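Reading through the structure tokens given below for one structure.
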Ligand SMILES: [Zn+2]
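In the working numbering, the protein residues as written are 3 to 552.
Below is the structure:
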């Protein structure tokens, strides 16, 4: 009898002992989705041994070190659009930060609102729903809030049915807009209160843009640099000129300093308190995108003392933020990723061994191409309207002529020494990758396909060799480095999950940022439409809901 009972119990015991304890808590009270703008996988890895704050905690959770923004258009708006939708930009419709609209002949900002005036901001161009919508469909009392230093980052994370969306508006402090779609606009007061208190305190004590105790390892990296036609002092803090908070230059300096992230996280903590996030019956969502790493990377590159100091400050600010989340004493799940990676200023990258790293003048290349086409086709206006050399739109006003100009432009570009490949919109449209292709195995055409939308994308896609930058700094304050290419340094990002009790589990297999939304949906137990991404079984009990979700 006893033996029979044991036999009956044993499989059950095995089942109960299955590694469910290692998974994220189901239906937590709060999901915190953190995005560090331009946090390239190699940047995360470079400073990993130094982390002691929030980044250490995240790095010691379920850490996917081979995460990918799989698409080619590695910019902020497309990248943010993948994270909580589970869809590639080809589906979100957010193919770039701005695209050329053939109908109006104008550039369209990704979070502009058609018909609502040039300053209006909102998710009108986002073609799909986000985790926030699925949460609210499942439980209307679920709160969805997104906050960022940038409007496009906050709005892409918030989606169409957020309760509140905030972004840093310079002299206005944190701001929002009715077109950004807060479903409870009456609860936007935290921004006013936060900004009033912040600006009042700055009048008596001007804020410290960079921490005073910058780590010695960063100070040791100080070195003057000549990037393009711009000279950087290499000193920390990088901008030594004292500017009063009332000065116009102050907001520019603030953007390019660790203070922006600290303000964003302090404001997020204020919103958690004001809205009682995590204290209701449902699973709330707080999405926070931290912009300073991107601004610092553009202004100073990612390989110098400035980025060293920025990452150290970010680590510390995230540590303080996690302490506030812990103090809620509710089950929560945190995820941190990035909207794209980056490359360093090519001069320093070349010195440090990046093969072929150099700078070309993307604008000069476009000027020369336009001159060639105008002469060849006897045109009076530039047929290429693009401002970025990677994606070109041909507009002559005559569709038949457009095709001939496009073909000639491709031939001319393929003859240029710094052009690796030129893809046409037809080639990109046809390059759907076979289902299940890992992101590191996508062909160049397939990468462009993942961020291609027939109505919004250009006609020609230009691939420059790896480590070649088309950015051309001419004066102090110009960008010296950036991102946007289809190469892996711009596509690879960390994807880090952490929750109280999370196992320290590094995962090497390649995953995608589109896998984040289905994973969080499984954790929250909510239904999703058919997505590009897949639930990550290292984090969530995917099988329980997986079949029902589609
Ligand atoms: Zn970005």
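For every residue, glycine included, the Cβ atom is placed at its ideal position computed from N, Cα and C.
This one's a predicted model, so the numbers in the text were calculated from it and none came from an experiment.
Short note on residue 84: C-beta not closer than 7 Å to any heavy atom of ligand 1.
In the three-state DSSP reduction, residue 541 falls in the coil class, being neither helix nor strand. Along the stretch 462-497, the beta strand (DSSP E) occurs as fully enclosed runs of 3 or more residues at 462-465, listed in sequence order. Annotation for residue 484 indicates a beta carbon at 7 Å or more from all heavy atoms of ligand 1. Contact check for residue 535 and residue 524: beta-carbon distance about 11 Å, past the 8 Å limit, so the pair fails to qualify. For residue 240, the closest C-alpha among the options 182, 309, 176, 205 is that of 309. Runs of the beta strand (DSSP E) lying entirely within the stretch 229-308 and spanning at least 3 residues, in chain order: 232-234, 286-292. According to the DSSP assignment, residue 521 belongs to the alpha helix (DSSP H) that extends over 518-526. For residue 143, the closest of 109, 352, 186, 86 by C-alpha to C-alpha distance is 186. With contacts defined by Cβ atoms closer than 8 Å, residue 351 and residue 340 do not form a contacting pair.
Per DSSP, the unbroken beta strand (DSSP E) holding residue 425 starts and ends at 423-426. A direct Cα-to-Cα measurement between residue 471 and residue 483 gives close to 7 Å.
Looking at the DSSP output, residue 69 sits in a beta bridge with 495, 513. Comparing alpha carbon positions, the residue from 418, 39, 527, 117 closest to residue 363 is 418. With fewer than 16 neighbouring CB atoms inside 10 Å of its own CB, residue 532 falls in the exposed class.
Relative to ligand 1, the beta carbon of residue 257 is positioned no closer than 7 Å to any heavy atom.
In its chain, beyond the 5 residues on either side, 502 have a beta carbon closer than 8 Å to the beta carbon of residue 328.
Under the three-state reduction of DSSP output, residue 332 falls in the coil class, being neither helix nor strand. Annotation: residue 41 is outside any alpha helix (DSSP H) and is labelled neither H nor E by DSSP. Its chain contains 232 as the residues whose beta carbon lies nearer than 7 Å to that of residue 478, once the 5 sequence neighbours on both sides are disregarded; these appear in chain order.
Per the DSSP secondary-structure output, residue 338 pairs in a beta bridge with 36, 498. Contact annotation: residue 149 and residue 182 have beta-carbon atoms that are not nearer than 8 Å. Around the beta carbon of residue 349, a 10 Å sphere encloses 16 or more other beta carbons of the protein chains shown; the residue is thus reported as buried. Pairing residue 35 with residue 257, the inter-Cα distance amounts to about 21 Å. In the structure shown, the three-state DSSP call for residue 437 is coil. A check of alpha carbon separations from residue 48 across 67, 268, 431 identifies 67 as the nearest. Under the DSSP assignment, residue 396 falls outside any alpha helix (DSSP H); it carries neither an H nor an E label.
For residue 536, the secondary structure class from DSSP, reduced to helix, strand or coil, is coil. DSSP, reduced to helix, strand and coil, places residue 157 within a helical segment of the structure shown. Contact between residue 266 and residue 290 holds, with the beta-carbon distance rounding to 6 Å and staying under 8 Å. For the set 102, 298, 179, 494, the Cα lying nearest the Cα of residue 234 is the one of 298. Note that the C-beta distance between residue 129 and residue 79 is not below 8 Å. By the C-beta density criterion, residue 206 is exposed, having fewer than 16 other C-beta atoms within 10 angstroms. Between residue 464 and residue 71, the CB-CB gap reaches or exceeds 8 Å.
The C-beta distance from residue 462 to residue 280 rounds to 48 Å, too long to fall under 8 Å, and the pair is not in contact.
For residue 196, the secondary structure class from DSSP, reduced to helix, strand or coil, is helix.
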